[in-house]
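Chemist:
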Amino acid sequence: MKKNIFPKSLKKGDKIAIISPAGAVDANQLEKGIKMIKNKGFKPVLGEHLYTKFSNGYNYAGTEKERIKDINWALNDKEISAIWASRGGYGCQHLIQHLNLKNFIKNPKWYIGYSDNTVIQSYLLNKGFTSIHGQTIKTSSFGVTDESYDLIFDILKGKTPKYSLKSHQFNREGNIEGELVGGNLALIYALLGTKYSYDFKDKILFIEDIGENFYALDRMIMSLELAGVFKKIKGLIVGGMTNMGDEEDNKQYEESFDEFAYKLISERISKYKFPVVFGFPNGHIKDNRPLIIGGKVKLKIENKKVKVEF
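The sequence shown begins at 1 in full-length UniProt numbering and counts up one residue at a time.
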């Protein structure tokens, strides 16, 4: 099996491009993140349309043409060493048919983001390049831990993550390793059947999501089953399931790790025998610890503890 390409490690003074490939942002929403990049010894370089706004039923960070221009600049500029998405939202699907990797292939760089950025990460992995599924520059309304960002900088500097977790009642024990694919469930679902979808065969799948009704969550899990995904994967990691259910449900389920959502997923995959980790700290949550999409990950799931190691 061909090994996916890890971008080279960053050194002090390297430039990190900040772009808005999807939803619009205001400058004050990125101040903390930009300052953090500087404090870590790197140089933030702002995309031309980082703060541009365009509304067409949704508040995008510029027109499709403007967002395509920014991401292709960041991917191919020789002076840029990493690309960090300002936020997710919606809009990355507009870009993938127009991505240009001509110089990127010669000089691969880390792409950092989550949520809607799953689309970009799936595209990059299909071309053989790893990326970081981690916190965007814009922090969420519920905040983000300093460690969530520190761990991203560790990866940028060449240190791969190792995590130890408490067990969860829905976990299924096992000891496996394989390539990690996935990200936001809604986007994995949206790409099914397209040439931009992940190759799930013998992979370990990660999923997370936010703000979906339970019937919509069930629909997406059912679509993965109908597409044969669960017959192909070696294991499953389930991260944050935040603000799931309708408004009435959310009065009861307000935790990032929604137990009803976990129960629904657990029941749907009960006929499959692969190992499963529930409650991994990645997603639309405060403790959003990065994962390497396309990286080789080892899972050791025991009765009382779980180890996830790249």
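Backbone N, C-alpha and C define an ideal beta-carbon position, used for all residues, glycine too.
One question on the structure: do Ile-19 and Ser-122 come within less than 8 Å of each other, judged by their Cβ atoms?
Modeler: Here residue 19 corresponds to residue number 19 of the sequence shown, with the count starting at 1. Here residue 122 corresponds to residue number 122 of the sequence shown, with the count starting at 1. Cβ distance not < 8 Å, so Ile-19 and Ser-122 don't count as in contact.
Chemist: Can you tell me whether residue 385 is buried or exposed? The criterion is at least 16 other CB atoms within 10 Å of its CB, across all chains shown.
Modeler: It is not possible to answer for residue 385, since the shown part of the chain is limited to 1 through 310.
Chemist: Should Ile-233 and Thr-130 be called a contact, given that it needs their Cβ atoms to be closer than 8 Å?
Modeler: Along the sequence shown, read from residue 1 onward, the residue named residue 233 stands at position 233. Along the sequence shown, read from residue 1 onward, the residue named residue 130 stands at position 130. No. Outside cutoff.
Chemist: Tyr-253 to Asn-213, Cα distance in whole Å?
Modeler: Stepping through the sequence shown from its first residue, residue 253 is reached at position 253. Stepping through the sequence shown from its first residue, residue 213 is reached at position 213. With a pLDDT of 46 at Tyr-253, under the threshold of 50, the modelled position of that residue is not reliable, and the figure given next carries that caveat. Each residue's alpha carbon lies about 12 Å from the other.
Chemist: Helix, strand or coil: how does DSSP classify Val-144 here?
Modeler: As a working mapping, residue 144 is identified with position 144 in the sequence shown. Correct three-state label for Val-144: coil.
Chemist: Do Glu-66 and His-49 have their C-beta atoms closer together than 8 Å?
Modeler: In the sequence shown, counting from the first residue as 1, residue 66 sits at position 66. In the sequence shown, counting from the first residue as 1, residue 49 sits at position 49. Their beta carbons are under 8 Å apart, which means Glu-66 touches His-49 by this criterion.
Chemist: Would Asn-171 and Ile-80 be called neighbours here (beta carbons separated by less than 8 Å)?
Modeler: If you number the sequence shown from 1, residue 171 lands on position 171. If you number the sequence shown from 1, residue 80 lands on position 80. Contact: no.
Chemist: Out of Ile-83, Trp-73, Asp-258, Asp-246, which one is the CA nearest neighbour of Ile-152?
Modeler: By 1-based counting over the sequence shown, the position of residue 152 is 152. Residue Ile-83 is the option with its Cα nearest to Ile-152.
Chemist: So, with DSSP's three-state summary, where would you put Phe-129?
Modeler: Your numbering for residue 129 matches position 129 in the sequence shown. In the structure shown, Phe-129 sits in a strand (DSSP, three-state: E or B).
Chemist: What's the C-alpha gap between Asn-107 and Ala-74?
Modeler: Counting from 1 along the sequence shown, the entry for residue 107 is found at position 107. Counting from 1 along the sequence shown, the entry for residue 74 is found at position 74. Using only the alpha carbons, I get a separation of about 12 Å.
Chemist: Contact check, Phe-206 vs Leu-291 under 8 Å by CB: the rounded distance?
Modeler: Position 206 of the sequence shown, counting from 1, holds the residue named residue 206. Position 291 of the sequence shown, counting from 1, holds the residue named residue 291. At roughly 6 Å, the Cβ-Cβ gap stays under 8 Å, so Phe-206 and Leu-291 are in contact.
Chemist: If we count the other Cβ atoms within 10 Å of its Cβ and call it buried at 16 or more, is His-284 buried or exposed?
Modeler: Within the sequence shown, residue 284 is the residue found at index 284, counting from 1. Classification for His-284: buried.
Chemist: Report the partner residues of Lys-15 according to the DSSP bridge assignment.
Modeler: In the sequence shown, counting from the first residue as 1, residue 15 sits at position 15. Lys-43, Ile-80, per the DSSP bridge assignment.
Chemist: Output the boundary residues of the alpha helix (DSSP H) element that contains Ser-223.
Modeler: Residue mapping note: residue 223 aligns to position 223 of the sequence shown, counting from 1. It spans 214 to 226 - the alpha helix (DSSP H) in which Ser-223 sits, taken as one unbroken run.
Chemist: Around the C-beta of Ser-141, are 16 or more other C-beta atoms found within 10 angstroms, so that it is buried, or is it exposed?
Modeler: In the sequence shown, residue 141 corresponds to position 141, counting from 1. Exposed, by the Cβ-count rule.
Chemist: Three or more beta-carbon pairs under 8 Å between the stretch 102 to 117 and the stretch 182 to 197, yes or no?
Modeler: As far as the Cβ criterion goes, the stretch 102 to 117 touches the stretch 182 to 197, which means the pair count is three or higher.
Chemist: Considering Cα atoms alone, identify which of Glu-225, Asp-154, Pro-44 is closest to Asp-14.
Modeler: Numbered from 1 along the sequence shown, position 14 holds the residue referred to as residue 14. With distances taken between Cα atoms, Asp-14 lies closest to Pro-44.
Chemist: For the beta strand (DSSP E) containing Leu-165, name the first residue and the last one.
Modeler: Taking the sequence shown and counting its residues from 1, one reaches residue 165 at position 165. That run of the beta strand (DSSP E) goes 162 to 166.
Chemist: By how many angstroms is the C-alpha of Asp-287 removed from the C-alpha of Tyr-262?
Modeler: Residue numbering aside, residue 262 sits at position 262 when the sequence shown is read from its first letter. Residue numbering aside, residue 287 sits at position 287 when the sequence shown is read from its first letter. For Tyr-262 and Asp-287, the distance between alpha carbons rounds to 18 Å.
Chemist: Hey, Gly-23 and Asn-72 are a contact pair by Cβ (cut 8 Å); roughly how many whole angstroms apart?
Modeler: The residue labelled residue 23 in the question sits at position 23 within the sequence shown. The residue labelled residue 72 in the question sits at position 72 within the sequence shown. The pair is not a contact, with the Cβ atoms about 19 Å apart (cut-off 8 Å).
Chemist: Three or more C-beta pairs closer than 8 Å, one from the stretch 88 to 101 and one from the stretch 154 to 174: is that the case here?
Modeler: Judged by Cβ distances under 8 Å, the stretch 88 to 101 makes no contact with the stretch 154 to 174, as fewer than three pairs qualify.
Chemist: For Glu-179, which option in Lys-273, Asp-199, Gly-193 has the closest C-alpha, if you only look at C-alpha atoms?
Modeler: Against the sequence shown, residue 179 aligns to sequence position 179. Among Lys-273, Asp-199, Gly-193, the Cα nearest to that of Glu-179 is on Asp-199.
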